[in-house]
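>
Protein chains: 2
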Amino acid sequence: MQNHGSLIYEGKAKRVFTSQSSPDEVFIEFKNSATAFNALKKAEFHDKGRLNCQISASLFEVLETHGIPTHYLGVVSDTWMAAQNVQIIPLEIVIRNIATGSLCKETPIKAGTELNPALLDIYYKDDDLGDPLITEARLDKLGLLTNDQRSDVEDLARRVNKCLKEFFNQIDLTLVDFKLEFGITNRRKLVVADEISPDTCRLWDQRTSDLQERILDKDRFRQGLDHVMEAYGEVFKRVQGAYSKPRNYK
Amino acid sequence: MQNHGSLIYEGKAKRVFTSQSSPDEVFIEFKNSATAFNALKKAEFHDKGRLNCQISASLFEVLETHGIPTHYLGVVSDTWMAAQNVQIIPLEIVIRNIATGSLCKETPIKAGTELNPALLDIYYKDDDLGDPLITEARLDKLGLLTNDQRSDVEDLARRVNKCLKEFFNQIDLTLVDFKLEFGITNRRKLVVADEISPDTCRLWDQRTSDLQERILDKDRFRQGLDHVMEAYGEVFKRVQGAYSKPRNYK
Chain A
968 MQNHGSLIYE GKAKRVFTSQ SSPDEVFIEF KNSATAFNAL KKAEFHDKGR LNCQISASLF
1028 EVLETHGIPT HYLGVVSDTW MAAQNVQIIP LEIVIRNIAT GSLCKETPIK AGTELNPALL
1088 DIYYKDDDLG DPLITEARLD KLGLLTNDQR SDVEDLARRV NKCLKEFFNQ IDLTLVDFKL
1148 EFGITNRRKL VVADEISPDT CRLWDQRTSD LQERILDKDR FRQGLDHVME AYGEVFKRVQ
1208 GAYSKPRNYK
Chain B
968 MQNHGSLIYE GKAKRVFTSQ SSPDEVFIEF KNSATAFNAL KKAEFHDKGR LNCQISASLF
1028 EVLETHGIPT HYLGVVSDTW MAAQNVQIIP LEIVIRNIAT GSLCKETPIK AGTELNPALL
1088 DIYYKDDDLG DPLITEARLD KLGLLTNDQR SDVEDLARRV NKCLKEFFNQ IDLTLVDFKL
1148 EFGITNRRKL VVADEISPDT CRLWDQRTSD LQERILDKDR FRQGLDHVME AYGEVFKRVQ
1208 GAYSKPRNYK
């Protein structure tokens, strides 16, 4: 179905392949696997790959319309996406609009506290170390980013937040927090990479006030709640309702 | 022996009492208790209170001669110190000159790496949360310090490091890293508070290259090594050799 070459990288939720037609492009396959707590908890969910691929594609297109550079090129099939070949910066940038999750275990900030301006946390992507939170001073010591690059990453992440918060709000979803990854293209351009989906965003349904029912993201899986894929499906339905189907690549 | 009033605070290694003569002063008793790993590991060491009290007193006097403000007033007895009454800022400022300990579990920085300029880590003092590492962005959200105060704390911590590194180097000790706490006096002055001792500093003996023998600090206790108090005693001997006995208060 897609003209992909060899496997470059296999992560917990995606596989990345070379493209046979261009060294500047890759093909990304979204898998049905789900993991949580640094892969201590694992499961397979039918249809997860398709839902995350299509939601991500639409959200990347939303960012594009706001002038935010991403690695996204188009969808190739239900579960495959074409993207620019990037070198991933091994950092997870987490933007938090409402305090929940690990933040409330690591600070005295109470769950539910609105964070305005949003809190930006940076984690070092390393499974062996458990993706630790990293301070700016520690990041400096690692030498992963120049000061300019860090500032660009932070600016882009805040622009993504503004854009997605508004988009989700229109479809009655609250963007609680989300994780971004960034990459550098072969032409040395910084772009938003990876995926943007209920695996990487906390989304609360504004149409219910039930504290469990409103969870439409991977927290359902983390917390052992039922209807995980129904929640992802609801996000998919609303995103495509607001945005229409993502474009096909070539 | 000391004119102390009522107990204000009891920590893992010290007790703090009011002074009957002034609301601006307190008396601090250094205990023989040792704890590690957020108090999961506990022990009593004969003479620890005296050694830490006297070492701290001398080191505070060293800082004073370099114009660095501290809470220290003088020693009252072997295990008691008089100090200014301060409101402790609930942060632990850790300055690292050589990478070791938790830093190497939380980043890919290899143990033994020289950190120049020194790395400054800030931890939020909260036993229930396990004294978590805190980023500048999270610190902002907690509202514990103004930007000016944070900058003053960091400047003071770096001045303390420069001063202690040189002092210890003269007595053949390498200051690997150390923890500082800061307080605000009744006159709103920021000062170095708490203690500075082998409980709060990692000190390596330059007179031996043996990786275990050189450890002259609480790591001996953390790692289950023997001769813990002999190590503290050696630090005491060298500090007083270089500095002489600390002054008595009143």
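If you read the protein sequences in the order shown, they are chains A and B. Numbers given in this note's numbering equal positions in the first sequence, counted from 1, plus 967. Numbers given in this note's numbering equal positions in the second sequence, counted from 1, plus 967. Positions of the beta carbon are idealized from the N, C-alpha and C atoms, including for glycine. Quick caveat, the model's predicted, so the values are computed rather than measured.
1. Run down chain B in chain order and give the residues with a C-beta less than 8 Å from the C-beta of A/Ile1060.
2. Give the range of the alpha helix (DSSP H) segment to which A/Tyr1210 is assigned.
3. For B/Leu1026, which of helix, strand or coil comes out of DSSP?
4. Closer than 8 Å, Cβ to Cβ, to anything on chain A: give me those residues from the region 1070-1089 of chain B, in chain order.
5. Are the region 1138-1149 of chain B and the region 1017-1025 of chain B touching, with three or more C-beta to C-beta distances below 8 Å?
6. For B/Ala1198 versus B/Leu1183, is the C-beta distance shorter than 7 Å?
7. For A/Lys1108, would you say it is in contact with chain B, using Cβ-to-Cβ distances shorter than 7 Å as the test?
8. At 3 residues or longer, what runs of the beta strand (DSSP E) sit wholly inside the region 980-1066 of chain A?
9. Going by the DSSP bridge assignment, what does B/Ala1085 pair with across the sheet?
10. Roughly how far, in whole angstroms, is the beta-carbon of B/Asp1085 from the beta-carbon of B/Ile1062, given that I think they are within contact range, below 8 Å?
11. Anyone know if the C-beta pair for A/Glu1148 and A/Ile1055 falls short of 7 Å?
12. Counting contacts by CB-CB distance shorter than 7 Å, is A/Thr1175 in contact with chain B?
13. Tell me A/Ala1160's beta-bridge partners as DSSP assigns them.
14. Return the first residue and the last residue of the beta strand (DSSP E) that B/Glu977 is part of.
15. Out of A/Ala1104, A/Asn970, A/Leu1082, state which residue places its alpha-carbon closest to the alpha-carbon of A/Tyr1091.
16. Quick check: the region 986-994 of chain A against the region 1178-1195 of chain A, are at least 3 beta-carbon pairs closer than 8 Å?
17. What residue range does the alpha helix (DSSP H) around B/Asp1107 cover?
18. Given that a residue counts as buried once 16 or more other Cβ atoms are within 10 Å of its Cβ, and exposed if not, what is B/Pro1075?
19. Cβ of B/Ala1024 within 7 Å of Cβ of B/Lys998?
20. What does B/Arg1181 pair with, by DSSP beta-bridge criteria?
21. Does DSSP put A/Asn1128 in a helix, a strand or coil?
22. What residues match up with A/Asp1172 in a beta bridge as DSSP calls it?
23. Tell me whether A/Leu1123 sits in a helix, a strand or coil according to DSSP, three-state version.
24. Tell me the DSSP bridge mates of B/Asn1215?
25. Count the other CB atoms, across all protein chains shown, that sit within 10 Å of the CB of B/Lys1212; report buried if there are 16 or more and exposed otherwise.
26. For the 8 Å Cβ check, are there 3 or more pairs between the region 1105-1116 of chain A and the region 1026-1034 of chain A?
27. Below 8 Å on the Cβ atoms is my guess for A/Glu1121 versus A/Leu1087; work out the distance and round it to an integer in Å.
28. Just reading off the alpha helix (DSSP H) that B/Leu1070 is part of, what are its end residues?
29. Determine whether the beta carbon atoms of A/Ala1050 and A/Ile1138 lie at a separation below 7 Å.
30. Can you give me the Cβ contacts of B/Arg1175 inside the same chain, cut-off strictly under 6 Å, excluding the 5 residues immediately before and after it?
31. Name the chain A residues that come within less than 8 Å of B/Glu1103, Cβ to Cβ?
32. Could you tell me which chain A residues have their CB closer than 9 Å to the CB of B/Leu1096, listed as they occur along the chain?
33. Kindly indicate which residue of B/Val1206, B/Leu1170, B/Thr1037, B/Lys1204 has the alpha-carbon position closest to the one of B/Gly1068.
34. Kindly indicate if chain A contains any beta-carbon less than 7 Å away from that of B/Pro1099.
35. Assuming B/His1194 and B/Arg1187 form a contact by the criterion Cβ under 8 Å, report the distance between their Cβ atoms to the nearest whole angstrom.
36. Helix, strand or coil, according to DSSP, for B/Leu1112 in the structure here?
The relevant details are as follows:
1. Position 93 of the first sequence, counted from the start, is the residue given in the question as residue 1060 of chain A. In chain order: nothing, as chain B lies at least about 11 Å away.
2. Here residue 1210 of chain A refers to the residue found at position 243 of the first sequence. That run of the alpha helix (DSSP H) goes 1195-1210.
3. The residue labelled residue 1026 of chain B in the question sits at position 59 within the second sequence. B/Leu1026 falls in the helix class under three-state DSSP.
4. Leu1070, Lys1072, Glu1073, Thr1074, Pro1075, Ile1076, Leu1082, Leu1086, Leu1087, Asp1088, Ile1089
5. no
6. The sequence position of residue 1198 of chain B within the second sequence is 231, counting from 1. The sequence position of residue 1183 of chain B within the second sequence is 216, counting from 1. For B/Ala1198 and B/Leu1183, yes; Cβs fall inside 7 Å.
7. For the purposes of this step, residue 1108 of chain A is taken as the residue at position 141 of the first sequence. Yes, A/Lys1108 counts as interfacial toward chain B.
8. Segments of the beta strand (DSSP E) lying fully in the region 980-1066 of chain A: 981-986, 992-997, 1000-1003, 1008-1011, 1039-1042, 1047-1051, 1053-1055, 1058-1065.
9. Walking along the second sequence from the start, residue 1085 of chain B turns up at place 118. Under the DSSP definition of a beta bridge, B/Ala1085 lacks any partner.
10. In the second sequence, residue 1085 of chain B corresponds to position 118, counting from 1. In the second sequence, residue 1062 of chain B corresponds to position 95, counting from 1. Looking at the sequence provided, one finds Ala at residue 1085 of chain B rather than Asp. About 5 Å; that satisfies the 8 Å criterion.
11. Numbered from 1 along the first sequence, position 181 holds the residue referred to as residue 1148 of chain A. Numbered from 1 along the first sequence, position 88 holds the residue referred to as residue 1055 of chain A. For A/Glu1148 and A/Ile1055, yes; Cβs fall inside 7 Å.
12. For the purposes of this step, residue 1175 of chain A is taken as the residue at position 208 of the first sequence. Judged by the 7 Å Cβ criterion, A/Thr1175 is not in contact with chain B.
13. Locating residue 1160 of chain A in the first sequence gives position 193, where the first residue counts as 1. In DSSP, A/Ala1160 forms a bridge with A/Glu1148.
14. Translated into the one-based positions of the second sequence, residue 977 of chain B becomes position 10. In the DSSP assignment, B/Glu977 falls within the unbroken beta strand (DSSP E) covering 971-977.
15. Start at 1 with the first residue of the first sequence, and residue 1091 of chain A comes out as number 124. Selected option, being the one with the closest Cα: A/Ala1104.
16. no
17. Within the second sequence, numbered from 1, the residue matching residue 1107 of chain B stands at position 140. For B/Asp1107, the enclosing alpha helix (DSSP H) starts and ends at 1103-1109.
18. For the purposes of this step, residue 1075 of chain B is taken as residue 108 along the second sequence, with counting starting at 1. Around the beta carbon of B/Pro1075, fewer than 16 other beta carbons lie within 10 angstroms, which makes this residue exposed.
19. The count along the second sequence starts at 1 and reaches residue 1024 of chain B at position 57. The count along the second sequence starts at 1 and reaches residue 998 of chain B at position 31. No, Cβ-Cβ distance for B/Ala1024 and B/Lys998 is not below 7 Å.
20. Looking up residue 1181 of chain B in the second sequence gives position 214. Note: B/Arg1181 sits in no beta bridge, so no partner.
21. Numbered from 1 along the first sequence, position 161 holds the residue referred to as residue 1128 of chain A. Looking at A/Asn1128 - three-state DSSP - the assignment turns out to be helix.
22. Taking the first residue of the first sequence as 1, we reach residue 1172 of chain A at position 205. A/Leu1140.
23. For the purposes of this step, residue 1123 of chain A is identified with residue 156 of the first sequence, where counting begins at 1. In this structure, A/Leu1123 counts as helix in the three-state DSSP scheme.
24. Within the second sequence, numbered from 1, the residue matching residue 1215 of chain B stands at position 248. B/Val1042.
25. Reading the second sequence from its first residue, position 245 is the one you call residue 1212 of chain B. B/Lys1212 should be labelled exposed.
26. no
27. What you label residue 1121 of chain A is simply residue 154 of the first sequence in a count that begins at 1. What you label residue 1087 of chain A is simply residue 120 of the first sequence in a count that begins at 1. Under the criterion of beta carbons closer than 8 Å, A/Glu1121 and A/Leu1087 qualify as touching, at roughly 6 Å.
28. Within the second sequence, the letter at position 103 stands for residue 1070 of chain B. Run containing B/Leu1070: 1069-1073, per the alpha helix (DSSP H) assignment.
29. Position 83 of the first sequence, counted from the start, is the residue given in the question as residue 1050 of chain A. Position 171 of the first sequence, counted from the start, is the residue given in the question as residue 1138 of chain A. Not closer than 7 Å, so no.
30. The sequence position of residue 1175 of chain B within the second sequence is 208, counting from 1. Here the sequence assigns Thr to residue 1175 of chain B, which means Arg is not the residue at that position. Hits under 6 Å: Arg1181.
31. Along the second sequence, one-based indexing puts residue 1103 of chain B at 136. Annotation: Cβ neighbours of B/Glu1103 in chain A (cutoff 8 Å, chain order): Thr1102, Glu1103.
32. Translated into the one-based positions of the second sequence, residue 1096 of chain B becomes position 129. Those within 9 Å of B/Leu1096 in chain A are Lys1072, Glu1073, Thr1074, Pro1075.
33. For the purposes of this step, residue 1068 of chain B is identified with residue 101 of the second sequence, where counting begins at 1. The shortest Cα separation from B/Gly1068 among B/Val1206, B/Leu1170, B/Thr1037, B/Lys1204 belongs to B/Leu1170.
34. The count along the second sequence starts at 1 and reaches residue 1099 of chain B at position 132. It does; some Cβ of chain A falls within 7 Å.
35. In the second sequence, the residue the question calls residue 1194 of chain B occupies position 227. In the second sequence, the residue the question calls residue 1187 of chain B occupies position 220. Sure, about 7 Å apart at Cβ, within 8 Å.
36. Position 145 of the second sequence, counted from the first residue, corresponds to residue 1112 of chain B. It is coil, neither helix nor strand.
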